[in-house]
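Novice: Please read through the structure below; I'll follow up with questions.
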Amino acid sequence: MTRVGYQAYLPEMLGSWGWTLLIGGGLLLAWYALVRYNETTEKFTLL
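So in this note's numbering, the last one in the sequence shown is 84, and the numbering has no gaps at all.
Right, here's the structure in full:
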């Protein structure tokens, strides 16, 4: 804990770099899928 808050090192929290890369890649893949879905359906556009 520091003055600016809790500092976290993800590989240490998850136990290894493998889990860190897997979760990061999964988040990127989910974001890409959401963007592609939105491009085809335009359900999340404001205007």
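Yeah, the Cβ is synthetic: ideal placement off N, Cα and C, and Gly gets one too.
Alpha carbon to alpha carbon, how far is residue 70 from residue 76? Give it in angstroms, no decimals.
Specialist: Here the question's residue 76 lines up with position 39 in the sequence shown. Here the question's residue 70 lines up with position 33 in the sequence shown. The alpha-carbon atoms of residue 76 and residue 70 are separated by roughly 10 Å.
Novice: Is residue 82 helix, strand or coil by DSSP?
Specialist: Locating residue 82 in the sequence shown gives position 45, counting from the first residue. Residue 82 falls in the coil class under three-state DSSP.
Novice: Residue 38 lies in the alpha helix (DSSP H); which residues open and close that run?
Specialist: Within the sequence shown, the letter at position 1 stands for residue 38. Unbroken run through residue 38: none, as it is neither H nor E.
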